[in-house]
Amino acid sequence: MTLDRLTRLDAASDFFGEENVPRRAITMGVSTILQAKRIILMAWGEAKAPIVRVAVEGEVTEQVPSSFLQNHPNSVFILDDAAASELTRFRTPWLVGPCDWTPSLMRSAVVWLCKKVDKPVLKLTDEHYNEYGLGELVTEHGPAYNINIRVFNMLQHTITGWPGGKPNADDSQRPERAEPFPKRALIFSPHPDDDVISMGGTLLRLVDQGHDVHVAYQTSGNIAVYDEYALQFADFVSDFSSAFDLAQKDALSLYENMQNHIQNKKQGDIDSLELRQLKGLIRQNEAKAAARYCKITDEHINFLNLPFYETGRVKKKPLGEEDVKITVDLLRKIKPHQVYAAGDLADPHGTHRVCLNAVMEAMRICKDDDWAKDCYVWFYRGAWAEWDVDRADMAVPISPDELIRKRQAIFRHRSQKDGPVFQGTDSREFWERAEHRNLTTAQAYDNLGLAEYEAMELFVRWHF
1 MTLDRLTRLD
11 AASDFFGEEN
21 VPRRAITMGV
31 STILQAKRII
41 LMAWGEAKAP
51 IVRVAVEGEV
61 TEQVPSSFLQ
71 NHPNSVFILD
81 DAAASELTRF
91 RTPWLVGPCD
101 WTPSLMRSAV
111 VWLCKKVDKP
121 VLKLTDEHYN
131 EYGLGELVTE
141 HGPAYNINIR
151 VFNMLQHTIT
161 GWPGGKPNAD
171 DSQRPERAEP
181 FPKRALIFSP
191 HPDDDVISMG
201 GTLLRLVDQG
211 HDVHVAYQTS
221 GNIAVYDEYA
231 LQFADFVSDF
241 SSAFDLAQKD
251 ALSLYENMQN
261 HIQNKKQGDI
271 DSLELRQLKG
281 LIRQNEAKAA
291 ARYCKITDEH
301 INFLNLPFYE
311 TGRVKKKPLG
321 EEDVKITVDL
331 LRKIKPHQVY
341 AAGDLADPHG
351 THRVCLNAVM
361 EAMRICKDDD
371 WAKDCYVWFY
381 RGAWAEWDVD
391 RADMAVPISP
401 DELIRKRQAI
411 FRHRSQKDGP
421 VFQGTDSREF
431 WERAEHRNLT
441 TAQAYDNLGL
451 AEYEAMELFV
461 RWHF
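The sequence shown runs 1 to 464 under the numbering used here.
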């Protein structure tokens with residue numbers, strides 16, 4: 001069968017680029033599969049949630065072959081929480097049966113209802129709630145006016161222009177503490193560009209407001225640099241050495257070795273150690289340039305180079321003790337009041353998930369340290385997805401000028417512009433995706449009847 005473009009894009013990371021993905025594949029027909037006595041379908045990760053919902057709850061259609069399993073007498077779907085997150089029983093449980101109306105579930109239901117009826121929170125009525133299956137909520141916590149006010153205040157209190165806390169201010173209704181000020185903030189970035197892509201506006205605010213900001217780049221990101229781009233730098237080093245009468249012979253030899261390696265490399269071959277080091281240095285220097293643009297000093301820029309990543313392939317090693325130890329050592333060195341980590345689990349090659357696990361395990365180890373007892377951990381997203389408004393614990397507004405500054409910081413990562421190696425199914429560049437998500441988030445708050453901002457970045461707090 002001929003593979004469609006979406007399937008080839010999904011597989012691109014496993015083949016080091018879409019151009020290397022086969023255009024045809026051998027598959028087993030649906031009728032043959034349905035003859036099995038028992039069928040087990042497994043899925044994990046947020047990226048699979050939309051198609052799982054269609055396969056389980058949508059109409060049976062040839063466009064979604066897995067939907068035919070609805071008609072099989074003995075089929076089982078085995079899913080993790082992320083893959084199951086779009087199913088009705090998890091996404092909108094009030095449509096399935098009685099609910100325990102916690103504040104977070106109430107907020108989710110009201111935000112969902114606002115989208116359904118296209119009205120802001122404070123304009124919802126009892127009729128709206130009853131018509132869309134939320135009569136139980138009105139019965140227990142109504143009337144609608146009381147619910148509206150309560151949820152509106154919940155949403156309002158997530159918004160802050162002071163992500164590190166506003167000094168000498170009442171912080172009882174703010175997501176972050178006023179004291180101590182300034183705070184030590186440690187931002188973990190899975191790849192060298194995730195910090196500015198996902199929370200560049202917040203990073204700029206933390207620096208502008210006087211906080212002691214540190215950045216830790218968890219992996220080298222070296223497999224995400226094109227061979228031709230790396231060779232260009234090796235060529236420059238050779239020419240530079242020649243022009244300034246440096247050790248030109250060694251530089252030329254290194255360039256020629258890399259050139260020969262690239263020319264003879266077959267699809268699926270890993271890069272030589274020298275080429276991986278060069279690609280890592282390219283990304284490292286881009287990260288430094290972006291951090292310096294954000295006014296972060298060199299002493300506060302940390303490159304962890306976690307060992308799990310250094311396989312030279314898309315498939316990485318499992319998280320190891322050394323990865324966690326490196327993370328623990330940095331935490332205990334800096335003793336941060338705030339930790340920011342990427343909770344973006346839709347990364348197509350899984351590095352974000354492993355990096356997040358490293359931070360979470362390290363924080364658990366440090367839990368009883370004195371500094372950790374006064375540390376807030378915030379999860380950000382943005383490179384591949386954004387938090388839903390109803391889940392956000394902190395929303396940081398971004399002004400038009402700050403949005404331009406964030407874009408300029410992302411532009412420092414030149415190797416990731418003009419079509420990165422691992423693009424996923426979204427053809428836009430990372431700065432375009434991030435900007436669109438930030439603008440869309442601000443519009444979502446505006447639609448709910450809250451203040452209108454140019455853009456926003458969202459965070460969820462992790463209570464470790």
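Quick reminder that beta carbons are idealized off the backbone N, C-alpha and C, glycines included.
Just to confirm the assignment, what range does the beta strand (DSSP E) spanning residue i have?
{"i": "Ile301", "result": "Ile301 to Phe303"}
{"i": "Pro397", "result": "Met394 to Ile398"}
{"i": "Val377", "result": "Tyr376 to Tyr380"}
{"i": "Glu340", "result": "The sequence shown places Tyr at residue 340, rather than the Glu named in the question. Looking at the DSSP string, the run of the beta strand (DSSP E) that includes Tyr340 is Gln338 to Ala342."}
{"i": "Val215", "result": "Asp212 to Tyr217"}
{"i": "Glu457", "result": "Ala455 to Trp462"}
For residue i, collect the residues of the same chain with a Cβ closer than 8 Å to its Cβ; drop the 5 residues on either side in sequence, then sort them by chain order.
{"i": "Leu304", "result": "Ala216, Tyr217, Gln218, Thr219, Ile326, Thr327 and Leu330"}
{"i": "Ser238", "result": "Gln248, Ala251, Leu252, Leu254 and Tyr255"}
{"i": "Ile475", "result": "Only positions 1 to 464 of the chain appear in this structure, which leaves residue 475 out of reach."}
{"i": "Arg174", "result": "His157, Thr160, Trp162, Gly165 and Lys166"}
Can you tell which of the options has the C-alpha that lies nearest to the C-alpha of residue i?
{"i": "Gly165", "options": "Gln416, Ala109, Ala178 and Tyr309", "result": "Ala178"}
{"i": "Val30", "options": "Ile410, Gln70 and Phe379", "result": "Gln70"}
{"i": "Phe181", "options": "Ile365, Val110 and Gln209", "result": "Gln209"}
{"i": "His352", "options": "Gln338, Asp369, Ile334 and Pro318", "result": "Pro318"}
{"i": "Val225", "options": "Glu286, Lys37 and Lys116", "result": "Glu286"}
{"i": "Lys114", "options": "Val389, Ala25 and Val354", "result": "This sequence places Cys at residue 114; Lys is not what is there. The shortest C-alpha separation from Cys114 is found at Val389."}
{"i": "Tyr293", "options": "Leu275, Phe188, Phe240 and Phe411", "result": "Phe411"}
{"i": "Thr297", "options": "His214, Val460 and Thr440", "result": "His214"}
{"i": "Lys406", "options": "Gly133, Leu450, Leu206 and Leu306", "result": "Leu206"}
{"i": "Phe233", "options": "Glu321, Gly280, Asn130 and Tyr376", "result": "Gly280"}
{"i": "Arg414", "options": "Gly97, Gln284 and Thr102", "result": "Gln284"}
{"i": "Gln259", "options": "Leu278, Val117 and Arg433", "result": "Leu278"}
{"i": "Ala475", "options": "Glu321, Val354, Thr440 and Ala409", "result": "The structure shown does not extend to residue 475, since the chain is modelled only from 1 to 464, so the question has no answer here."}
{"i": "Arg53", "options": "Arg91, Val21 and Ala25", "result": "Arg91"}
{"i": "Tyr445", "options": "Asp245, Gly142 and Val151", "result": "Val151"}
{"i": "Ala230", "options": "Val60, Val110, His463 and Ile282", "result": "Ile282"}
{"i": "Trp462", "options": "Trp112, Asp170, Glu176 and Gly58", "result": "Glu176"}
{"i": "Tyr309", "options": "Lys367, Leu204 and Val324", "result": "Val324"}
{"i": "Asn302", "options": "Lys315, Val314, Lys295 and Lys288", "result": "Lys288"}
{"i": "Gln416", "options": "Ile147, Asp227 and Ala169", "result": "Asp227"}
{"i": "Gly139", "options": "Cys99, Met154 and Val111", "result": "It is worth fixing the name first, because residue 139 is Thr in this sequence and not Gly. Ranking Cys99, Met154 and Val111 by Cα distance to Thr139 puts Cys99 first."}
{"i": "Tyr453", "options": "Ile398, Thr27, His261 and Thr61", "result": "Ile398"}
Leaving aside the five residues before and after residue i along the sequence, list all residues of the same chain whose C-beta is less than 6 Å from its C-beta, in chain order.
{"i": "Thr125", "result": "Ala144"}
{"i": "Gly449", "result": "Pro120, Val121 and Leu122"}
{"i": "Leu202", "result": "The sequence shown places Thr at residue 202, not Leu. Same-chain partners within the cutoff: Pro163, Val396 and Glu457."}
{"i": "Val117", "result": "His128"}
{"i": "Gly200", "result": "Lys406 and Ala409"}
{"i": "Phe15", "result": "Val21"}
{"i": "Ile147", "result": "His141"}
Assuming residue i and residue j are in contact, meaning their beta carbons sit under 8 Å apart, how far apart are those beta carbons, in whole angstroms?
{"i": "Ser85", "j": "Ala49", "result": "5 Å"}
{"i": "Leu6", "j": "Glu18", "result": "So it is not a contact: roughly 11 Å between Cβ atoms."}
{"i": "Phe430", "j": "Asp195", "result": "12 Å between Cβ atoms; not a contact."}
{"i": "Gly45", "j": "Ala82", "result": "5 Å"}
{"i": "Met106", "j": "Leu79", "result": "About 26 Å; that fails the 8 Å criterion."}
{"i": "Val339", "j": "Ala392", "result": "Not a contact, Cβ separation roughly 17 Å."}
{"i": "Trp378", "j": "Met394", "result": "7 Å"}
{"i": "Cys355", "j": "Pro190", "result": "4 Å"}
{"i": "Val359", "j": "Phe188", "result": "5 Å"}
{"i": "Met1", "j": "Ala25", "result": "6 Å"}
{"i": "Arg23", "j": "Leu41", "result": "Actually they are not in contact, since the Cβ atoms of Arg23 and Leu41 sit about 25 Å apart, beyond 8 Å."}
Is there a Cβ of chain D sitting closer than 8 Å to that of residue i, yes or no?
{"i": "Tyr340", "result": "Of the chains in the structure shown, none is chain D; there is only one protein chain."}
Looking at the secondary structure, which residues open and close the alpha helix (DSSP H) in which residue i lies?
{"i": "Phe240", "result": "Asp227 to Ala243"}
{"i": "His436", "result": "Phe430 to Asn447"}
{"i": "Ile296", "result": "Here Ile296 belongs to no alpha helix (DSSP H), and DSSP marks it neither H nor E."}
{"i": "Lys325", "result": "Glu321 to Ile334"}
{"i": "Arg89", "result": "Thr88 to Arg91"}
{"i": "Arg8", "result": "Arg5 to Ala11"}
Among the residues of its own chain, which have a CB less than 7 Å from the CB of residue i, if the five just before and after it don't count?
{"i": "Arg276", "result": "Asn222 and Gly312"}
{"i": "His211", "result": "Gly164, Pro182, Lys183 and Ala185"}
{"i": "Asp235", "result": "Tyr255"}
{"i": "Gly135", "result": "Tyr129"}
{"i": "Leu95", "result": "Thr88 and Gly133"}
Which runs of the beta strand (DSSP E), 3 residues or longer, sit entirely within the region 15-84?
-> 39-43 and 75-79
Quick one: which unbroken beta strand (DSSP E) runs of 3-plus residues sit fully inside the region 175-208? Chain order, please.
-> 184-189
Completely contained beta strand (DSSP E) runs for the region 345-373, where each covers 3 or more residues | none
Uninterrupted alpha helix (DSSP H) stretches inside the region 111-182 (no shorter than 4 residues) | Fully contained in the region 111-182 are the following alpha helix (DSSP H) runs of length 4 or more, in chain order: 126-131, 135-141 and 144-156.
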